[in-house]
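Numbering-wise (our numbering), the sequence shown opens with residue 11 and increments by one.
Reviewing the structure listed below.
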Amino acid sequence: MPYSELKTLLNPSVISYIDHAKGRVQLEENTEDSKLKPIWLNGLSKNAVVFKLDKENINMDFIDPGLNNIYKRCDYIIISSYQTKNVIIFCELKSNSHKGAKQQLHSSIPFIDFIASLLNTHYEQDIRQFKRYFV
Numbered sequence: 011m012p013y014s015e016l017k018t019l020l021n022p023s024v025i026s027y028i029d030h031a032k033g034r035v036q037l038e039e040n041t042e043d044s045k046l047k048p049i050w051l052n053g054l055s056k057n058a059v060v061f062k063l064d065k066e067n068i069n070m071d072f073i074d075p076g077l078n079n080i081y082k083r084c085d086y087i088i089i090s091s092y093q094t095k096n097v098i099i100f101c102e103l104k105s106n107s108h109k110g111a112k113q114q115l116h117s118s119i120p121f122i123d124f125i126a127s128l129l130n131t132h133y134e135q136d137i138r139q140f141k142r143y144f145v
């Protein structure tokens with residue numbers, strides 16, 4: 011499984027701490043107007059990787075900054091196994107309105123495709139067939 015290889019590709023500052031003993035991670039929305047309290051996502055495999063896709067964390071200087079929709083992305087991506095399946099979960103947290111959530115989830119797909127390509131190229135690991143869920 012490509013979990014350790016994935017961690018080597020990502021900047022450690024974007025990787026969320028996982029409580030492996032309990033198989034859970036704390037997710038939270040960090041906007042000024044957020045009303046959502048931190049939530050726990052349970053049931054993660056011991057090799058899961060969870061990372062936050064804040065705009066500040068992703069350097070995309072090679073993309074035209076005037077293309078606003080390209081810079082939208084979901085709050086978290088969770089890569090884990092569940093039962094007998096390997097999964098990628100795109101997660102967007104919203105406090106009130108779900109406005110824009112679909113766009114943020116959809117705009118995150120190219121990012122994970124890029125990570126998948128890096129894994130395949132440099133480690134011969136393939137996550138492109140992992141089942142994808144959007145929450």
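For each residue, glycine too, the CB sits at the ideal point set by N, CA and C.
No experiment lies behind these values; they were computed from the predicted model shown.
Residue i, buried or exposed, once every other Cβ within 10 Å from all chains shown has been counted against 16
i   : result
K62 : buried
A31 : exposed
I73 : exposed
For residue j and residue i, believed in contact at Cβ under 8 angstroms, the rounded distance
i   : j   : result
V60 : L16 : With a Cβ gap of about 11 angstroms, V60 and L16 do not count as contacting.
L20 : L37 : L20 to L37, Cβ: 17 angstroms. No contact.
Three-state secondary structure assigned by DSSP to residue i
i    : result
F100 : strand
K17  : helix
S23  : helix
I89  : strand
D74  : coil
Q36  : strand
Best match in the options for proximity to residue i [C-alpha to C-alpha]
i    : options                  : result
F140 : T94, L128 and K104       : T94
K104 : K56, V145, I125 and I88  : V145
V97  : N57, S127, L128 and N130 : N57
S91  : I25, R142, H108 and S23  : R142
H116 : I25, L129, C101 and S107 : C101
R34  : I89, G110, Y133 and I125 : I89
G110 : I99, N79 and I25         : N79
Quiz item: How about the region 77-93 and the region 103-121: do they share at least three Cβ pairs that are nearer than 8 angstroms?
Solution: yes
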